[in-house]
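Comments concern the structure below.
Number of protein chains: 2
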Amino acid sequence: MSHAKPQPGPVAAPQPSAASPAARLNFADRILSAMERLQSTACVGLDPVHDKLPAQLRSSSPDPITAIERFAEGVIDAVAEIVPAVKFQSACFERYGAPGSAALARTMKRANDQGLVVILDAKRGDIGISAEHYAAAAVALGAHAITVNAYLGPSTVDPYLAAGLGVFILVRTSNLDSDAVQSLALTDGRTVAEMMADHAATLGTKHLGTHGMSSVGAVVGATKAEDGRALRARMPKQIFLVPGYGAQGGTAKDIRALLTPVGVSPTGGVLVTASRSVIYAFGPNDADWKLSVERASQLLVSELRAIQG
Amino acid sequence: MSHAKPQPGPVAAPQPSAASPAARLNFADRILSAMERLQSTACVGLDPVHDKLPAQLRSSSPDPITAIERFAEGVIDAVAEIVPAVKFQSACFERYGAPGSAALARTMKRANDQGLVVILDAKRGDIGISAEHYAAAAVALGAHAITVNAYLGPSTVDPYLAAGLGVFILVRTSNLDSDAVQSLALTDGRTVAEMMADHAATLGTKHLGTHGMSSVGAVVGATKAEDGRALRARMPKQIFLVPGYGAQGGTAKDIRALLTPVGVSPTGGVLVTASRSVIYAFGPNDADWKLSVERASQLLVSELRAIQG
């Protein structure tokens, strides 16, 4: 799978040829096609932290970011034929300054070259020209979609869509503390998360693909089944990027609550992310850590197939 | 003014010596001391966009990011003895990938070396280890404070404070569209922005400096005086980072509504940011664009002194 990856240049003079939204496949169609081809709704989260990497990789690398890059490459190669997408945690690379940015660019290119759909988990949220810059940076890195925080207002999401990216708007996150903001009740009867869900649904109507789903998706944690059902009812055409399954306590029941009604999308419209349970699946004595990662990703795919029946 | 700037390294093995919060001055004390010394509540926003730079700078630079870096250096040198702080818009540098990150690091170091308080406007918002990574990246760049989005919950702000950074929590932004989220009413009588303000005030109680103000500040736009007064009442000990003055329509009345009660802080507890009106103050025929920037920053400082009486 190849797609346009323009190089950085003046924002005021974009090259319309390769970077134009028209030249890019609708993100919903891209990810749903990949999910259908592999019969898989799993997304591997690349959140590599140096002290959790295989010992031999750490000791054989000249510095931490090199070890992280080699590890990310190994994970990408291990899961490329098993899962449709990978999600890069931008912070894990930004931590290392310019060398980290360069490593992120190279590993995102490798994921593209391996045919994976690439999501940049950067949780950006800013207005006008700043949002345009963040979008341009994500496109230059080779991202097909980006996570976005819309606390500054729904129109702050537009620049990412104008750049041809899919977006996953942070609606309901899986960390416990999120209740202190997202679960509060508005006078109109909605929770704050449901208000954000309505913004995502409204924004999404102009970005539907041939599968009937939108390039405007939502981050919805797999932590409370009743919340999940309510959010799916408000966002029938949003693909849900779902953190929190497994390690963070999300159960099969919580996942089922997030699925689209039968027939709307054969995939159920969910992309379930798992990071630690897959990328750190190796043991200290494993001869081949990549094989352990590969098997963990296969196990995740099988579990999710069973859940979605 | 010098402060600890640790180099990137493994997150699991930070060097406690230079990077430890104890070794860093409380951010509120740092910025208030600088404001008092210069009798200035102005902050220059470095949001450089290539096509707005002086023509001779563009034509004499080998590439856009070099032009941006030279421009940012010139602005820093021009305003260093006039304003207490500069605010770097991260997106303007990230746009250029790894070379942009390297340029950001160099210009933030220059601002430090010139004695400026350095705010990284990155609007980051993530949980746990990811937030720790973003905080470590900001410290390594030489930031004294960072803007943070707390939609994921108030505790997601803790890692930045633990790293010794000041924070400005996004409470009420100055873009029109922010009403669609921040002005909505909760059943408990607060707006969404007021709820976020209460989180900032609560978080801030553990981070008071010797001036009586907190290292947990808030972004509060200068756009609606009545909203501003209500937010100041909820956040008496927060320093407000105030966008929207001038170019975006904020008036003297709007600024006055944000000041702390007389006597609480001699500075009024506000840091008013202006970008375009200062950094692009030169005309096409100006022989010395840096002189125009310097004069515009002096004008801003004078205006703000008059407003605050």
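The listed protein sequences derive, respectively, from chains A and B.
The letter at position 160 of the first sequence is residue 160 when you use the numbering used here, and the numbering goes up by one with no holes.
Whatever position you read off the second sequence (first residue = 1), add 1000 for the numbering used here.
We treat Cβ as the ideally placed atom computed from N, Cα and C, and that holds for glycine.
Where the beta strand (DSSP E) containing residue i begins and where it ends
i        : result
F240(A)  : 238–242
G1045(B) : 1042–1046
V1270(B) : 1270–1274
I146(A)  : 145–148
The alpha helix (DSSP H) enclosing residue i, as first and last residue numbers
i        : result
V129(A)  : It should be noted that the sequence gives Ile, not Val, for residue 129(A). Note, I129(A): alpha helix (DSSP H), 128–141.
G97(A)   : 97–113
A1290(B) : Per the sequence shown, residue 1290(B) should be read as Lys rather than Ala. Here the alpha helix (DSSP H) through K1290(B) covers 1289–1308.
V1075(B) : 1064–1079
Q1182(B) : 1179–1182
S1033(B) : 1027–1038
Y160(A)  : 158–162
S1060(B) : 1055–1060
I255(A)  : 252–256
D227(A)  : 225–234
Cβ-based neighbour list, residue i, same chain, cut-off 7 Å, excluding 5 preceding and 5 following
i        : result
Y1245(B) : A1222, I1255, V1272, A1274
Q267(A)  : The sequence shown places Thr at residue 267(A), not Gln. These residues qualify, in order along the chain: L32, M35, E36, T41.
A1072(B) : L1046, P1048, T1107
A1200(B) : I1169, V1171, V1216, A1218, M1235, Q1238
A1197(B) : V1171, A1218, L1231, R1234, M1235
F1282(B) : P1054, W1289, S1292, V1293
I127(A)  : L152, T156
R70(A)   : L57, S61
A1105(B) : L1141
L299(A)  : none
Cut-off 8 Å between Cβ atoms - residues of its own chain near residue i, not counting five sequence neighbours on either side
i        : result
Y1280(B) : K1052
E226(A)  : A257
Y96(A)   : P64, I65, I68, A103
E1253(B) : Residue identity differs from the one stated: residue 1253(B) is Lys in this sequence, not Glu. Contacts found: A1225.
P1284(B) : A1055
S101(A)  : F93, E94
Those residues which DSSP pairs with residue i across a bridge
i        : result
Y1280(B) : Paired residues: none, contrary to the question.
Q1089(B) : D1121(B)
V1219(B) : L1170(B), L1241(B)
L1208(B) : S1214(B)
A1185(B) : T1191(B)
Close-in-space but distant-in-sequence residues of the same chain around residue i (CB under 6 Å, 5 per side omitted)
i        : result
Q1248(B) : S1174
R305(A)  : none
K1224(B) : none
S1178(B) : none
T260(A)  : G268, G269
G250(A)  : A222, T223, G244
K123(A)  : T147, N149
D1029(B) : G1209, T1210, H1211
message: Using 8 Å as the cut-off, can you tell me whether the segment 1269–1285 of chain B makes contact with the segment 1155–1162 of chain B, which would need three or more C-beta pairs spanning the two stretches below that distance?
response: no
- prompt: Do the segment 72–88 of chain A and the segment 286–298 of chain A make contact, defined as three or more Cβ pairs closer than 8 Å?
  reply: yes
- prompt: Is the segment 1183–1197 of chain B in contact with the segment 159–166 of chain A, if contact means three or more CB pairs nearer than 8 Å?
  reply: no
- prompt: Mind listing which residues of the segment 1171–1191 of chain B have their C-beta closer than 7 Å to chain A's C-betas, in chain order?
  reply: T1173, N1175, D1177, S1178, A1180, V1181, L1184, A1185, L1186, T1187
- prompt: Just checking, does the segment 131–145 of chain A make contact with the segment 176–184 of chain A on the three C-beta pairs under 8 Å criterion?
  reply: no
- prompt: Can at least three beta-carbon pairs, one atom from the segment 1082–1096 of chain B and one from the segment 1052–1062 of chain B, be found at a separation below 8 Å?
  reply: no
task: Using a Cβ-Cβ cut-off of less than 8 Å, give me the residues of the segment 1057–1082 of chain B that come near chain A, in sequence order.
output: P1064, I1065
Proximal residues, the segment 1132–1147 of chain B versus chain A, C-beta separation under 7 Å: H1133, Y1134, A1136, A1137, A1140
query: Got a sec: which bits of the segment 1261–1280 of chain B sit with their beta carbon under 8 Å from any beta carbon on chain A, in order along the chain?
result: none
message: Counting beta carbon pairs with one atom in the segment 1056–1067 of chain B and one in the segment 1110–1119 of chain B, are three or more of them shorter than 8 Å?
response: no
task: Can you give me, in chain order, the residues of the segment 85–102 of chain A that have a beta carbon less than 9 Å from any beta carbon in chain B?
output: Q89, S90, A91, C92, F93, E94, R95, Y96, G97, A98, P99, G100, S101, A102
message: If the cut-off is 9 Å on Cβ atoms, which residues from the segment 148–161 of chain A count as contacting chain B, listed in chain order?
response: Legend: CB atoms of the segment 148–161 of chain A lying less than 9 Å from CB atoms of chain B belong to residues N149, A150, Y151, L152, G153, P154, S155, T156.
query: Which residues, in order along the segment 1190–1206 of chain B, keep a beta-carbon less than 8 Å from a beta-carbon of chain A?
result: V1192, M1195, M1196, H1199
- prompt: Of all the residues that make up the segment 224–252 of chain A, which are near chain B by a beta-carbon distance shorter than 9 Å?
  reply: none
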